[in-house]
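Peer 1: Residue numbers (the numbering used here), protein chains in the order written: chain A, 410 to 569; chain B, 15 to 533.
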Amino acid sequence: MTVQSTRLGRLCSLGLLWAVGILAIAMALRLGLWRSGSPGPGLFPFLAALAIVVLATIGMMAAALRRWPAAPAETIHARGRWRIALYVVALIAYALLLEPLGFHAATTLALLVISRAAERLRWRTVVPLIAGTLFFTHLVFARWLGVYFPAGTLWGDLLG
Amino acid sequence: MDLLGFLSIGFATALSWSNILVCFAGVFLGTVIGVLPGLGPTATVSLLLPLTFTMNPASAVILMAGIYYGSQYGGSLTSILVRIPGESASVVTCIDGYEMAKRGRAGAALGIAAFGSFIAGIVVTIALFFVGPVLARFALRFGPPEYAALVLLGLLLVTQVSQTSCLNSLIMACLGLLLSTVGVDRIHGDQRFTFGLIGLFNGFNVAVLCMGLFAIAELLTSAEGRENTPKPVAQPRRLREMLPNREEWRRSTLPITRGTALGFLLGILPGGGATIASFAAYVMERRISKHPERFGQGAIEGVAGPESANNAAAQASFIPLLSLGIPANAVLAVVLASLLVQGVLPGPTLMTKSPDLFFGVIISMLVGNVILVVLNVPLISVFVLLLRVPISILSPLIIVFCVIGAYSLDNSSADVLMMVGLGLAGYLMRKVDLDPAPLVLAFVLGQIFETALQQSLLVGRGSLGVFLDRPIAAFLIGCSVCLIVFQAGGAILARARAAAGRGSRNESQPMRRFSRPPP
């Protein structure tokens, strides 16, 4: 059961896309559709956004005219909601802390939140998981493939 | 010099010990980087570019070619096992490959991907040798209007790939086109939809888009509904049981043949390539199948066709590069750069001036495909072991790999943040039944489409008549129009039939009139 299978869900999702299309049309018009005898930077985005608006309008009209069955309640466990919230928080924090803390500290923190708090793995699994991941990624990506890992700007500031 | 003379030069170059080793290194590295999401063949070939300056030109191209077609197979591994496309050409393999894995046939999907790629690779190499130079001359007739018309047709075909309604797919494809315009305009230099954010000046990276919309969104979806998820079906333990059975081979034979032919044709067109070929092959298989309802549910044809097509196209795309100097994609652009640095100018005369390079590279693809299948088929049982790792352990690892992949593209945490944002968007899209696959392909095709459209309008001085004046472009536009007419006509007919069916049921069973119709 998805949100789409209700009239409101369908109308809301298409309405959002319609609004994105309208906003993009306004911005594309400001960029200019034709400039000094050649296609302007706004022409292609204008055409794409116009197509979104037209198609979303058709979709909303069809959704409004269609008869919809009563939607059964979607079953999401409370633990599932909690887990997804932790995942989202961990991911955003991971992205934001990657450069200030450096790859190793940020990865340790993110893995700790995800594996211990979200997935509720035992410490005897969490510790080797984090250690193994750090070792493997360092060996394969940093040493062999020469990928640059941020060292952490915060440590330099703290240590002077 | 006759063809036999060229053949002997090609074999002498490709079968030298040094070039066999170089080919092995390329194919192995390609498979590894194909498996790792984010670190695609473009990044790897770019990293290795300085190394190739010390090699002779033939060895340099053999190494880069090996990485390119090796990554096509590597990308399919993660698509099938964990629904993360390592490469944009493997996006379509996720659809049925992952479903097969969920139903205990991961080995069969991996096997058919390996054998399909191998067969396609061998057939295309032989075909390239004989008809490549002739076909490359035909491809010269493709100008901007033909490209624009081809991409338009490709975009309309993309909507057939999706599991959701055609309308939803079209909206997502248009959204993909819109996203492809984010960043600084290449012709006028204007900022488009950047909102002043430096991270958006170069637009979205396709790897970031794929990892966000597919990998992160999949992880969030699985994190939410883990209590409702049924336990995965056990995979066979012995390699023999894992490999495709007779029935699966029977069903895959024609898709491999068709995928090879289609991939070859799309690969030799400048601007074509593995991504378009894989999507087109999937659409074609679904269109001509007697059981289209099987697609999306783990149809082996949905793996065999696209996997053969993407390998065929990856190899065939070396023809426009070597004979015309036109790279079909970013990887081949780096190969072109490597050749130019070494003083080799690809073009129609390369075949006669440097036969060791031209034919050596083609013959090395035979060697590379043999190495690829020998390397990968025995390892299928090892790859399938990945499915036995619980998702609660796999999820954090996938997140770390995705973060490394996104960060390594530009050494910027803005890409990581973008990936997370796209992951959330992908999760919400799933909630409202919107499929991200058409969005991703439209995004990939968007830049080619915009450039070709702009050039066509310049040639036609703003008139769309330029598309009808040229026979190939007019034919492709005609195909697009037919597709829209058939699609719309089919939908109207289906709705009319459904309404008529409801009417007759209601007449025969008047009590049902008060009950709600099925969705």
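Where a beta carbon is used, it is the ideal one built from N, C-alpha and C, also for glycine.
Could you check which residue in B:459, B:444, B:439, B:332 has the C-alpha nearest to that of residue 534 of chain B?
Peer 2: Because chain B is modelled from 15 through 533, residue 534 of chain B falls outside the range shown and cannot be assessed.
Peer 1: Identify the continuous alpha helix (DSSP H) that holds residue 409 of chain B and give its terminal residues.
Peer 2: For the purposes of this step, residue 409 of chain B is taken as residue 395 along the second sequence, with counting starting at 1. 405-424 is the extent of the alpha helix (DSSP H) around residue 409 of chain B.
Peer 1: In chain A, which residues lie less than 7 Å from residue 305 of chain B when you measure between Cβ atoms?
Peer 2: Taking the second sequence and counting its residues from 1, one reaches residue 305 of chain B at position 291. Simply none; closest approach about 25 Å.
Peer 1: Hey, could you find the ends of the alpha helix (DSSP H) residue 557 of chain A is sitting in?
Peer 2: Translated into positions along the first sequence, residue 557 of chain A becomes position 148. No alpha helix (DSSP H) holds residue 557 of chain A; DSSP gives it neither H nor E.
Peer 1: Would you decide whether residue 325 of chain B is buried or exposed? Buried here means 16 or more other CB atoms lie within 10 Å of its CB.
Peer 2: Indexing the second sequence from 1 puts residue 325 of chain B at position 311. Buried: at least 16 other Cβ atoms inside 10 Å.
Peer 1: Grab the span of the alpha helix (DSSP H) containing residue 228 of chain B for me, first residue to last.
Peer 2: Walking along the second sequence from the start, residue 228 of chain B turns up at place 214. That residue, residue 228 of chain B, is in no alpha helix (DSSP H); it is neither H nor E in DSSP.
Peer 1: Could you give the DSSP three-state label for residue 197 of chain B: helix, strand or coil?
Peer 2: Your numbering for residue 197 of chain B matches position 183 in the second sequence. Looking at residue 197 of chain B - three-state DSSP - the assignment turns out to be strand.
Peer 1: Below 7 Å CB to CB, which residues in the same chain sit around residue 455 of chain A once its five sequence neighbours on both sides are set aside?
Peer 2: Stepping through the first sequence from its first residue, residue 455 of chain A is reached at position 46. Around residue 455 of chain A: 434, 437, 438, 442.
Peer 1: Judging by CA-CA distance, which residue of B:48, B:81, B:161 is the nearest neighbour of residue 382 of chain B?
Peer 2: Here residue 382 of chain B refers to the residue found at position 368 when the second sequence is read from its first residue. Checking every option, the nearest Cα to that of residue 382 of chain B belongs to B:81.
Peer 1: Report yes if the CB atom of residue 111 of chain B is closer than 8 Å to the CB atom of residue 93 of chain B, and no otherwise.
Peer 2: Position 97 of the second sequence, counted from the start, is the residue given in the question as residue 111 of chain B. Position 79 of the second sequence, counted from the start, is the residue given in the question as residue 93 of chain B. Yes; because the gap between Cβ atoms is below 8 Å, this pair is in contact.
Peer 1: Is there a Cβ from chain A that is less than 8 Å from the Cβ of residue 160 of chain B?
Peer 2: Residue mapping note: residue 160 of chain B aligns to position 146 of the second sequence, counting from 1. So no, residue 160 of chain B is outside the interface.
Peer 1: What alpha helix (DSSP H) runs, 4 residues minimum, are completely inside the segment 287-347 of chain B?
Peer 2: As far as the segment 287-347 of chain B is concerned, its whole alpha helix (DSSP H) runs of at least 4 residues are 288-302, 315-330.
Peer 1: Please classify residue 469 of chain B: does DSSP put it in a helix, a strand, or coil?
Peer 2: The residue given as residue 469 of chain B occupies position 455 in the second sequence. Here residue 469 of chain B sits in helix by DSSP.
Peer 1: Cβ of residue 564 of chain A less than 8 Å from any chain B Cβ?
Peer 2: What you label residue 564 of chain A is simply residue 155 of the first sequence in a count that begins at 1. So, not an interface residue.
Peer 1: What are the residues in the segment 429-453 of chain A lying within 9 Å of chain B by C-beta distance?
Peer 2: 429, 430, 433, 436, 437, 440, 441, 443, 444, 446, 447, 448, 449, 450, 451, 452, 453
Peer 1: Residue 501 of chain A: which of B:205, B:299, B:430, B:282 sits nearest, CA to CA?
Peer 2: Your numbering for residue 501 of chain A matches position 92 in the first sequence. Answer by Cα proximity: B:430.
Peer 1: Are the C-beta of residue 552 of chain A and some C-beta of chain B separated by less than 8 Å?
Peer 2: Within the first sequence, the letter at position 143 stands for residue 552 of chain A. Answer no: the Cβ-Cβ gap between residue 552 of chain A and chain B never drops below 8 Å.
Peer 1: So for residue 448 of chain A, helix, strand or coil by DSSP?
Peer 2: The residue given as residue 448 of chain A occupies position 39 in the first sequence. Looking at residue 448 of chain A - three-state DSSP - the assignment turns out to be strand.
Peer 1: Using a cut-off of 8 Å between C-beta atoms, extract the partners of residue 468 of chain B located in chain A.
Peer 2: Counting from one through the second sequence, the residue named residue 468 of chain B turns up at place 454. Those within 8 Å of residue 468 of chain B in chain A are 447, 448, 452, 453.
Peer 1: Within its chain, find whatever has a CB closer than 8 Å to the CB of residue 364 of chain B; leave out the 5 residues flanking it on each side and keep chain order.
Peer 2: Here the question's residue 364 of chain B lines up with position 350 in the second sequence. Contacts found: 336, 337, 358, 371, 372.
Peer 1: Using a beta-carbon distance below 8 Å, is residue 527 of chain A in contact with chain B?
Peer 2: Position 118 of the first sequence holds residue 527 of chain A. Look at residue 527 of chain A: its C-beta is under 8 Å from a C-beta on chain B.
Peer 1: Is residue 206 of chain B helix, strand or coil when you go by DSSP?
Peer 2: Residue mapping note: residue 206 of chain B aligns to position 192 of the second sequence, counting from 1. Residue 206 of chain B: strand per DSSP, three-state reduction.
Peer 1: Looking only at its own chain, which residues have a Cβ that is under 8 Å from the Cβ of residue 472 of chain A, when we skip the five neighbours before and after it?
Peer 2: As a position in the first sequence, residue 472 of chain A is number 63, starting the count at 1. So the list reads 416, 419, 420, 423, once near-sequence residues are dropped.
Peer 1: Figure out for me which residue from B:17, B:31, B:289, B:16 has the closest Cα to the Cα of residue 378 of chain B.
Peer 2: In the second sequence, counting from the first residue as 1, residue 378 of chain B sits at position 364. Selected option, being the one with the closest Cα: B:31.
Peer 1: In chain B, which residues lie with their C-beta within 7 Å of the C-beta of residue 418 of chain A?
Peer 2: In the first sequence, residue 418 of chain A corresponds to position 9, counting from 1. Those within 7 Å of residue 418 of chain A in chain B are 446.
Peer 1: Considering residue 381 of chain B, what are the terminal residues of the alpha helix (DSSP H) in which it resides?
Peer 2: Residue mapping note: residue 381 of chain B aligns to position 367 of the second sequence, counting from 1. It spans 369-390 - the alpha helix (DSSP H) in which residue 381 of chain B sits, taken as one unbroken run.
Peer 1: Can you tell me whether residue 290 of chain B is buried or exposed, with buried defined as 16 or more other CB within 10 angstroms of its CB?
Peer 2: Counting from 1 along the second sequence, the entry for residue 290 of chain B is found at position 276. Residue 290 of chain B comes out buried.
Peer 1: Which of the residues in the segment 185-218 of chain B, read from start to end, lie with their CB under 8 Å from any CB of chain C?
Peer 2: Checking the listed chains, one finds no chain C in this structure; the protein chains it contains are A and B.
Peer 1: For residue 440 of chain B versus residue 450 of chain B, is the C-beta distance shorter than 8 Å?
Peer 2: Translated into the one-based positions of the second sequence, residue 440 of chain B becomes position 426. Translated into the one-based positions of the second sequence, residue 450 of chain B becomes position 436. Cβ atoms of residue 440 of chain B and residue 450 of chain B: closer than 8 Å.
Peer 1: Closest by CA to residue 538 of chain A, which one among A:450, A:520, A:504?
Peer 2: Walking along the first sequence from the start, residue 538 of chain A turns up at place 129. If we check each option's Cα against that of residue 538 of chain A, A:520 comes out closest.
Peer 1: Taking the alpha-carbon positions, what's the residue 212 of chain B to residue 427 of chain B distance?
Peer 2: Here residue 212 of chain B corresponds to residue number 198 of the second sequence, with the count starting at 1. Here residue 427 of chain B corresponds to residue number 413 of the second sequence, with the count starting at 1. Cα to Cα, residue 212 of chain B sits roughly 12 Å from residue 427 of chain B.
Peer 1: Under 7 Å between beta-carbons, which chain B residues line up against residue 458 of chain A? List them in chain order, please.
Peer 2: Walking along the first sequence from the start, residue 458 of chain A turns up at place 49. Around residue 458 of chain A, the beta-carbon contacts reaching into chain B at under 7 Å are 192.
Peer 1: So is residue 536 of chain A in contact with chain B if we call contact Cβ pairs under 8 Å?
Peer 2: Translated into the one-based positions of the first sequence, residue 536 of chain A becomes position 127. Answer no: the Cβ-Cβ gap between residue 536 of chain A and chain B never drops below 8 Å.
Peer 1: Tell me the rounded alpha-carbon separation between residue 481 of chain B and residue 361 of chain B.
Peer 2: The residue you call residue 481 of chain B lines up with position 467 of the second sequence. The residue you call residue 361 of chain B lines up with position 347 of the second sequence. Straight-line Cα distance between these residues: approximately 28 Å.
Peer 1: Could you work out which residue in B:129, B:433, B:188, B:127 is closest to residue 459 of chain B when comparing CA atoms only?
Peer 2: Here residue 459 of chain B corresponds to residue number 445 of the second sequence, with the count starting at 1. Checked all of B:129, B:433, B:188, B:127; the closest Cα to residue 459 of chain B is B:188.
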